[in-house]
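Here the protein sequences line up with chains A and B, keeping their order.
Under the working numbering, think of the first position of the first sequence as 123, with each following residue one higher.
Under the working numbering, think of the first position of the second sequence as 19, with each following residue one higher.
Just so it is clear, CB atoms sit at the ideal spot from N, CA and C, and this is done for glycine as well.
So the structure is just underneath, and the comments pick up after that.
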Amino acid sequence: MGDLVWILISAMIVNNFTLAYFLGLCPFMGVSGRVETALRMGMANIFVLVLTSLCAWFLNNFVLEYAPYLRVISFIVVIASLVQIVEIAIKKFSPTLFQQLGISLPLITTNCAILGLAIFQTNREYGFFQGLFFAVGAGLGLTLALVLMASIREDSERANVPNLARGTALVMIIAGSLSLAFMGFAGLGSAS
Amino acid sequence: MTEPQFLVRATPHLSGPESTPKIMWTVVFSLIPVVAVSFWFFGPSALLIQAAAVLGALIPEHYTGHKGSLRDGSAVITGVLLGLTLPPGMPLWMAFLGGFFGVAFGKLIFGGLGQNVFNPALLGRAFLQAAFPVAITTWPSQTGSWWSLRGDNFAWPLMSPQVVDGSTGATPLGLFKFEKQSTEFLDLLLGTTSGSVGETSGLVILACGLFLALRNYLNWRIPASICATVFSFSGILWLFDSEAFASPFFMLFSGGLMLGAFYMATDMVTSPTTHKGCWIFGAGIGFLVVIIRTWGGLPEGVMYAILFMNAFVPFINRKTQPRVFGQAPPEKRGLPFMKKGGQA
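Given below as structure tokens:
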């Protein structure tokens, strides 16, 4: 149990996908304008990451044993089509949720964090529950990074930012500073 | 034309005796005892490091800041505070670079004083820690001639600084973390240990911080909350196993905790605007400090804890807005997709 909790915390804070591995930067830069949107994006991310983890576990254990060289392609194809199917199902069963998620659900599928999660999980040989906790931790970490970034950006919209740094440049600098702040957690847990 | 009978102006109509330059310069003057103590312990190196950091902080402020922003003293504070957190034997050009980076990328790029998110001095130090991890963790011991430099201060940029054998020691936190060796409490209080230029003497920093708190130039809730959290959290761990974990008094007075709690975390720009927010902010810092110090890869975590919580400040401000008098309490909110109706 402690092992699972540690995987979750590690994926969320210490090895944060966005701020330590620099994965999933597209939503981090693109959808972090408003806190509400960022939170919704984070939720959608958690959802897709959990699905990914389940898919990767299933593929690894039952399919890829016979064709290991197809790993990356099968991950991409299976995860993308599964998310599409789930989206259709959500549209049918819960239009409200569908409206909330909007375009973000299909977009996340092509995110590098998704493929990254599947590949990390395979390389580290995580079991079913380990993979699940890893996915939830990674999703929570992405959500944390997105919400922090969005709240800082909302505040700095009112700031008197010089013209040369307005827009993406400032976002990059904030991202770098956030990443510096997360560096303090490097090696957490390895000492003891 | 008759003279106007009364002046028509936007509020506020009454102005207090305080002004930004006055507060900033008071903070600078309150640091004089800390700087003096650092000079006493580390000799000329201490002053050289701080001069380099201040110079590095002043240059971008002078060339790209708003007109007259050099005179409000905020860049001087950044430089002095950065200098106080650096090891005395560090090459001067690195201290200069840290000050430059902190002010240029931590403050001016956000639009200058009052608009930055991260504490500029700490951002400069975090940058130095990432760029020069060896130089920033080489601690000279307090031995040898007082007049001699405590390291290769005048190393040229991009050259590796010379290290004199036997002249380096570990900080109390490093000693405890890697060799399980505790330090005398009196040494921690007075500052006769190795460490950064201005962080060693807990007692002097405490006195200077209390002076500022009494004048209401810093929100006392932040240091109170940090110290209380660190004391209680590390106290619980210590009661649990007094061999493996440091005592709460050691935690409070070692490393940069006092300097961080009184001078870094209380930066008016990068701390929350509400009192409730300040309690949360301080508790978060204290909690993270103990976590990083106890289980982290680095012996010291005050800088990262404060930077991390700085990032949370806009979010804390948003969540701790007091209710406007006379308004109905806000509706209970759930996760976005639990809300009925939804918002497009």
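Item                                                                                                                                                                  : Value
Is any beta-carbon of chain B found at less than 8 Å from that of A/F150?                                                                                             : no
So, with DSSP's three-state summary, where would you put B/P158?                                                                                                      : strand
By DSSP, does B/Y281 sit in helix, in strand, or in coil?                                                                                                             : helix
If I measure Cβ to Cβ from B/L270 and keep anything under 7 Å in the same chain, skipping five residues before and after, which residues do I get?                    : C245, V248, F249
Compare the C-beta of A/M123 against all C-beta atoms of chain B and say whether one is closer than 8 Å.                                                              : no
Considering A/D277, what are the terminal residues of the alpha helix (DSSP H) in which it resides?                                                                   : 250-279
For the candidate residues B/G302, B/C226, B/F172, whose alpha-carbon lies nearest to that of B/V331?                                                                 : B/G302
Quick one: list the residues of chain B neighbouring A/A303, beta-carbon separation under 8 Å, in chain order.                                                        : F136, A144, Y322, L325, F326, N328, A329
Determine whether the Cβ of B/F114 lies closer than 8 Å to any Cβ atom of chain D.                                                                                    : The structure shown contains no chain D; its protein chains are A and B.
Count the CB pairs spanning the region 274-290 of chain B and the region 203-223 of chain B that are closer than 8 Å, and state whether there are at least three.     : yes
Using only the alpha-carbon positions, how far apart do A/E247 and A/L204 sit?                                                                                        : 22 Å
Could you give the DSSP three-state label for B/G83: helix, strand or coil?                                                                                           : coil
For the alpha helix (DSSP H) holding B/H293, just list the boundary residues, first then last.                                                                        : 293-313
Once the 5 residues before and after A/I225 are set aside, which same chain residues still bring their CB inside 8 Å of it?                                           : none
Could you tell me whether the region 100-113 of chain B touches the region 80-88 of chain B, where touching means 3 or more Cβ pairs closer than 8 Å?                 : no
Does the beta-carbon of B/Y322 have 16 or more other beta-carbons within 10 angstroms, so that it is buried, or is it exposed?                                        : buried
Let me make sure I understand the geometry here. Which of B/V307, B/W297, B/S166 has the alpha-carbon closest to that of B/F59?                                       : B/S166
Exposed or buried, which one is B/Q361 when buried takes at least 16 other CB atoms within 10 Å?                                                                      : Interpretation of B/Q361 is limited by its pLDDT of 44, a score under 50 that renders its predicted location unreliable; the figure taken from the coordinates is listed afterwards. Counting Cβ neighbours within 10 Å, B/Q361 comes out exposed, since fewer than 16 surround it.
Would you grab the beta carbon distance between B/G132 and B/V287 for me? Rounded to a whole angstrom, and I think it's under 8 Å.                                    : 5 Å
Between the C-alpha atoms of A/A211 and A/F220, what's the straight-line distance to the nearest angstrom?                                                            : 9 Å
In chain order, what residues of the same chain have a beta carbon less than 6 Å from the beta carbon of B/S92, not counting five sequence neighbours either side?    : M42, L131
Could you pull out every residue in the same chain whose Cβ sits closer than 7 Å to the Cβ of A/V293, ignoring the five residues on either side in sequence?          : M151, R275
Using the C-alpha atoms, what's the distance from A/K214 back to A/L310?                                                                                              : 44 Å
Measuring CB to CB, does B/A148 end up less than 8 Å from A/L302?                                                                                                     : yes
Report the start-end ranges of each alpha helix (DSSP H) in the region 213-240 of chain A that is 4 residues or longer and not cut off at the edges.                  : 217-223, 226-231
Here's a check: name, in chain order, each residue in its chain whose Cβ is nearer than 7 Å to the Cβ of B/P39, leaving out the five neighbours to either side.       : R89, D90, G91
With DSSP collapsed to three states, give me the class of B/D90.                                                                                                      : helix
Is A/A126 near A/Q252, with beta carbons less than 8 Å apart?                                                                                                         : The sequence shown places Leu at residue 126 of chain A, not Ala. Cβ atoms of A/L126 and A/Q252: closer than 8 Å.
Excluding the 5 residues flanking B/K358 on each side, which residues of the same chain have their C-beta closer than 7 Å to its C-beta?                              : Note that B/K358 has pLDDT 48, beneath the 50 cutoff, so the model's placement of it is unreliable and the number below is only indicative. So no residue of the chain qualifies.
Just the chain B side, please: which residues come within less than 8 Å of A/N137 by C-beta, in chain order?                                                          : Result: empty, since nearest Cβ-Cβ is about 12 Å, beyond 8 Å.
Is A/M123 buried or exposed, if buried means 16 or more other CB atoms sit within 10 Å of its CB?                                                                     : exposed
Quick one, are the C-beta atoms of A/A257 and A/L239 less than 8 Å apart?                                                                                             : yes
Return the chain-ordered list of same chain residues with a C-beta closer than 7 Å to the C-beta of A/N233, the five sequence neighbours on each side being excluded. : G146, C148, P149
Since B/I67 and B/A113 are thought to touch, with beta carbons under 8 Å apart, how far apart are those beta carbons, to the nearest angstrom?                        : 5 Å
Ends of the alpha helix (DSSP H) at B/Q339?                                                                                                                           : First-last for B/Q339: undefined, no H or E at that position.
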